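Enquirer: Going from the sequence shown to this note's numbering is simple: count from 1 and add 9. Cβ atoms here follow ideal geometry from the backbone N, Cα and C, with glycine treated the same way. Note that the structure is predicted; figures quoted are calculated from it, not measured. Okay, handing you the structure first.
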Amino acid sequence: MTRAACACGHEFEVRDDLAGGITNCPRCGKAVEVEGLRDPAWRLLQVVAAAGWASATAAAYVAWGVAGAAAVAMGLAAVLWLVSRAL
Ligand SMILES: [Zn+2]
């Protein structure tokens, strides 16, 4: 079981397969993010994606300045978000 803490102060346990996902608080019914990641490979993928995102943003800043860095950062963030939804 994995623990989850709601903004209302209620703490409760959820199934392990919900780790890293979202569930509803049994007390107030709000959506709660459950801590934890599904597996180590997924965690590694997130670290690699974050590192790639940061280095690509830094490279874009050097090449194109603030506007380029912002465009690359937002574009990559959108791609990573879509990928994370698909997994
Ligand atoms: Zn709650």
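With the cut-off set at 8 angstroms, would you say Val-41 and Ala-28 are in Cβ contact?
Expert: Against a cut-off of 8 angstroms, the Cβ pair of Ala-28 and Val-41 comes out as no contact.
Enquirer: In terms of alpha-carbon separation, which member of Ala-82, Glu-20 and Ala-50 lies closest to Ser-64?
Expert: The shortest Cα separation from Ser-64 among Ala-82, Glu-20 and Ala-50 belongs to Ala-82.
Enquirer: Could you work out which residue in Arg-24, Met-10 and Asn-33 is closest to Ala-16 when comparing CA atoms only?
Expert: If we check each option's Cα against that of Ala-16, Asn-33 comes out closest.
Enquirer: In chain order, what residues place their C-beta within less than 6 angstroms of a heavy atom belonging to ligand 1?
Expert: Listed by chain position, these are Cys-15, Cys-17, His-19, Cys-34, Arg-36, Cys-37 and Lys-39.
Enquirer: Can you pull the DSSP bridge partners for Thr-1?
Expert: A question about residue 1 goes unanswered here, because the residues of the chain that appear run from 10 up to 96.
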